[in-house]
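First the structure, in the form of structure tokens, and then the observations on it.
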Amino acid sequence: MMKKYLVTFALSAMVLAACGKKEEPPAPAAAPVAVASAPAPEPEEEKVVNIYNWADYIPEGMAAAFEAETGIKVNYDTFETNEALHAKLVAGNSGYDIVVPGSVFAKPQLEGGLLQPLNKDKIPNLANLDPAIMATLSKADPDNKFLVPWAWGFTTVGINKTKVTKALGNMPMPENAWDLVFKPEYTAKLKSCGIAYLDSPTEIIPVALHYIGKDAYSNNPEDYKAATEMLAKVRKDVRLFSATMIDDIAGGKACVAIGWSGDINIAAVRAKENGSKDEIESLLPSTGALIFFDTIAITKDAKHPNNAFKFIDFYLRAENAARMANEMNYPTANKAALDKIKPEIAGNKTIFVESDYFSKMIPPSSFTNEAREAMATAYNGFKKGK
Ligand code: SPD
1 MMKKYLVTFA LSAMVLAACG KKEEPPAPAA APVAVASAPA PEPEEEKVVN IYNWADYIPE
61 GMAAAFEAET GIKVNYDTFE TNEALHAKLV AGNSGYDIVV PGSVFAKPQL EGGLLQPLNK
121 DKIPNLANLD PAIMATLSKA DPDNKFLVPW AWGFTTVGIN KTKVTKALGN MPMPENAWDL
181 VFKPEYTAKL KSCGIAYLDS PTEIIPVALH YIGKDAYSNN PEDYKAATEM LAKVRKDVRL
241 FSATMIDDIA GGKACVAIGW SGDINIAAVR AKENGSKDEI ESLLPSTGAL IFFDTIAITK
301 DAKHPNNAFK FIDFYLRAEN AARMANEMNY PTANKAALDK IKPEIAGNKT IFVESDYFSK
361 MIPPSSFTNE AREAMATAYN GFKKGK
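Using my numbering, read the sequence shown as starting at 1 and increasing by one per residue.
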């Protein structure tokens with residue numbers, strides 16, 4: 001700043017001196033003016049950005065539009081669970097510049113030095129974000145130094161209503177949709193058309209904890225024991241531990257699933273595109289669903305951080321954030337995008353939930369590393385039927 005000031009000051013002095021020049025006696029030699037050298041240019045980055053994001057989470061053509069505009073090539077890979085991304089970050093040298101962890105994992109990742117702070121001067125479109133959501137996210141990322149929301153949503157129960165109604169026969173739908181996946185009376189009937197759970201300990205144990213009335217983000221292994229005791233009763237009825245939930249629901253392998261709100265809505269669209277007449281729905285359980293925030297972050301050892309800032313800024317344009325919500329069925333934290341959301345998306349209560357249901361939802365927290373390990377052991381034991 002000071003250097004810039006000195007250069008400006010010197011230039012103004014020269015301009016002023018040139019104006020109004022008269023025949024005057026030569027002035028005594030001026031004292032030397034400090035002329036600062038220009039700041040060293042940043043090293044030129046290779047025109048590439050490597051991104052690792054959840055599957056089915058970016059509108060078609062968005063990466064290509066960024067490439068066309070900037071000349072920066074986007075290498076885009078996908079993952080299905082927070083655990084998979086976390087393992088890559090812990091191993092180091094992932095090669096990725098941008099990653100998109102859920103906030104539950106992003107907190108220990110930024111605390112553990114796996115991510116780098118954002119250079120906010122290079123992301124002017126941060127101004128488009130909703131301050132209320134940023135305040136919520138600051139619980140995981142104090143002062144919003146590391147994380148930018150990609151989207152948010154909730155973990156819930158999804159059903160193929162047509163098949164579930166048939167499989168339940170004369171049994172009415174439960175008041176609490178979690179019963180469909182956790183209560184033996186229901187699972188015994190629904191196993192015929194397929195029950196699917198997300199294949200991730202940190203997705204299933206928290207919803208199971210919530211179902212049995214415990215803190216969904218408990219760090220106490222005793223609570224995991226209680227959760228897996230409940231889960232053990234329905235283990236034989238669970239057909240799939242799925243990493244491809246959208247296609248499993250849309251393609252008819254599962255009629256009821258523990259999944260993510262937006263993915264269940266994508267499955268509904270995909271089933272229709274495939275010619276199915278079945279009705280697929282994302283449900284709002286009476287006891288609440290678990291909210292998640294997926295966040296854009298830059299890896300500690302990113303080789304192309306400036307390209308990453310450019311991509312983040314591009315994504316944060318109102319029209320791009322609106323495309324994400326309109327095409328991927330997840331709500332955006334981009335306030336400037338809200339007036340660009342299609343009415344059928346804005347009015348869908350399983351995308352932009354209404355405030356009376358929102359108040360029932362469980363906000364995200366995080367787990368200690370030890371708790372995550374204990375949770376993985378408990379979950380794997382449950383899967384194996386132990
Ligand atoms: N298809 C995109 C799915 C994104 C899901 N992220 C969920 C994180 C929840 N813990």
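Here a beta-carbon is modelled for each residue, glycine too, at the ideal position from N, C-alpha and C.
In whole angstroms, what is the alpha-carbon distance linking Gly381 and Lys225?
-> Taking the straight line joining both Cα atoms gives about 10 Å.
With respect to 6 Å, is the separation between the Cβ of Gly275 and the closest non-hydrogen atom of the ligand SPD below this value?
-> Gly275 Cβ: outside cutoff for every heavy atom of the ligand SPD.
Status (buried if at least 16 other CB within 10 Å, exposed otherwise) for Asp121 | Asp121 is exposed by the Cβ-count criterion.
Any heavy atom of the ligand SPD closer than 6 Å to the CB of Phe309?
-> With a cutoff of 6 Å, Phe309 does not count as near the ligand SPD, since its C-beta is closer than that to no heavy atom of the ligand.
For Asn329, name the three-state secondary structure that DSSP assigns.
-> In the structure shown, Asn329 adopts coil according to DSSP, grouped into three states.
Terminal residues of the beta strand (DSSP E) in which Tyr57 lies = Careful: Tyr57 lies outside any beta strand (DSSP E) and carries neither H nor E.
Contained alpha helix (DSSP H) runs [length at least 4] in the region 240 to 328, N- to C-terminal order = With a minimum length of 4 residues, the continuous alpha helix (DSSP H) runs that stay inside the region 240 to 328 are 245 to 250, 261 to 273, 305 to 315 and 318 to 328.
Is any heavy atom in the ligand SPD found nearer than 6 Å to the beta carbon of Tyr57?
-> In terms of side-chain proximity, the C-beta atom of Tyr57 is found nearer than 6 Å to a non-hydrogen atom of the ligand SPD.
Beta-bridge pairing of Asp77 - partner residues as DSSP gives them = Answer is Tyr52.
Considering Tyr224, what are the terminal residues of the beta strand (DSSP E) in which it resides?
-> Unbroken run through Tyr224 is the alpha helix (DSSP H), Pro221 to Ala232; no beta strand (DSSP E).
Tell me whether Met1 sits in a helix, a strand or coil according to DSSP, three-state version.
-> Its pLDDT being 32, under 50, Met1 is placed unreliably by the model, and the measurement read from it follows with that caveat. Per DSSP, reduced to three states, the secondary structure at Met1 is coil, with no helix or strand assignment.
Determine the burial state of Thr8: buried for a count of at least 16 other Cβ atoms within 10 Å of its Cβ, exposed for fewer.
-> Only weak support is given to the placement of Thr8: the predicted model assigns it a pLDDT of 28, under 50, and the question is left unresolved by the model.
Nearest neighbour of Pro363, chosen from Asp278, Asp215 and Gly262 [CA to CA] = For the residues Asp278, Asp215 and Gly262, the minimum Cα distance to Pro363 belongs to Asp215.
Flag Asp263 as yes when its Cβ comes closer than 6 Å to any non-hydrogen atom of the ligand SPD, and as no otherwise.
-> Yes - the ligand SPD has a heavy atom lying nearer than 6 Å to the Cβ of Asp263.
Per DSSP, cross-strand counterpart(s) of Leu129 | Answer is Asn334.
Distance CB(Ala243)-CB(Ala267) smaller than 7 Å = No.
Taking all protein chains shown into account, do 16 or more other C-beta atoms lie within 10 angstroms of the C-beta of Phe146, making it buried, or fewer, making it exposed?
-> Counting Cβ neighbours within 10 Å, Phe146 comes out buried, since at least 16 surround it.
Taking 6 Å as the cut-off, does the CB of Trp260 come closer than this to any heavy atom belonging to the ligand SPD?
-> At least one heavy atom of the ligand SPD falls within 6 Å of the beta-carbon of Trp260.
Please find out if some non-hydrogen atom of the ligand SPD comes closer than 6 Å to the beta-carbon of Trp54.
-> Correct: Trp54 has its Cβ closer than 6 Å to the ligand SPD.
Any non-hydrogen atom of the ligand SPD within 6 Å of Gly102 CB = Indeed, a heavy atom of the ligand SPD lies less than 6 Å from the Cβ.
Buried or exposed: Glu203, going by 16 or more other Cβ atoms within 10 Å of its Cβ?
-> That one is buried.
Whose C-alpha, out of Pro201, Val207, Ile159 and Ile205, is nearest the C-alpha of Tyr186?
-> The alpha carbon of Tyr186 has as its nearest neighbour, out of Pro201, Val207, Ile159 and Ile205, the alpha carbon of Ile159.
Asp294: beta carbon under 6 Å from a heavy atom of the ligand SPD?
-> The answer is yes for Asp294.
Which class does Ile195 belong to by DSSP, given the choice of helix, strand or coil?
-> Note: Ile195 maps to strand in three-state DSSP.
Distance, Cα to Cα, Asp141 vs Lys310?
-> Distance between the alpha carbons of Asp141 and Lys310 is about 21 Å.
Residues bridged to Ala65 (per DSSP) | BP columns for Ala65 are empty, so no partner.
Do you know offhand how far Asp97's Cα is from Leu89's?
-> Going by the C-alpha atoms only, they are around 11 Å apart.
With a 10 Å radius around its C-beta and 16 neighbouring C-beta atoms as the bar for buried, classify Met433 as buried or exposed.
-> This structure leaves residue 433 out entirely; the chain is present only between 1 and 386.
Between Tyr197 and Phe241, which are expected to be in contact by the criterion C-beta below 8 Å, what is the C-beta distance as a whole number of angstroms?
-> Cβ-Cβ separation between Tyr197 and Phe241: approximately 6 Å, consistent with a contact (criterion under 8 Å).
So Asn460 and Ile58 are in contact, right, with Cβ under 8 Å, and what is the actual spacing, rounded?
-> Look at the range of the chain in this structure, 1 to 386, and you will see that residue 460 is not part of it.
Segment limits, beta strand (DSSP E) that includes Ile159 | Start and end: Val148 to Asn160.
Cα-Cα separation between Arg372 and Pro41, rounded to whole angstroms | Between the alpha carbons of Arg372 and Pro41 lies a gap of roughly 44 Å.
Taking the alpha-carbon positions, what's the Asn334 to Lys384 distance?
-> Cα to Cα, the separation comes out at about 42 Å.
Per DSSP, which residues does Val100 bridge with? Please list them.
-> Beta-bridge partners of Val100 (DSSP): none assigned.
Return the CA-CA distance between Arg323 and Lys233, expressed in angstroms with no decimal places.
-> So the two alpha carbons sit approximately 42 Å from each other.
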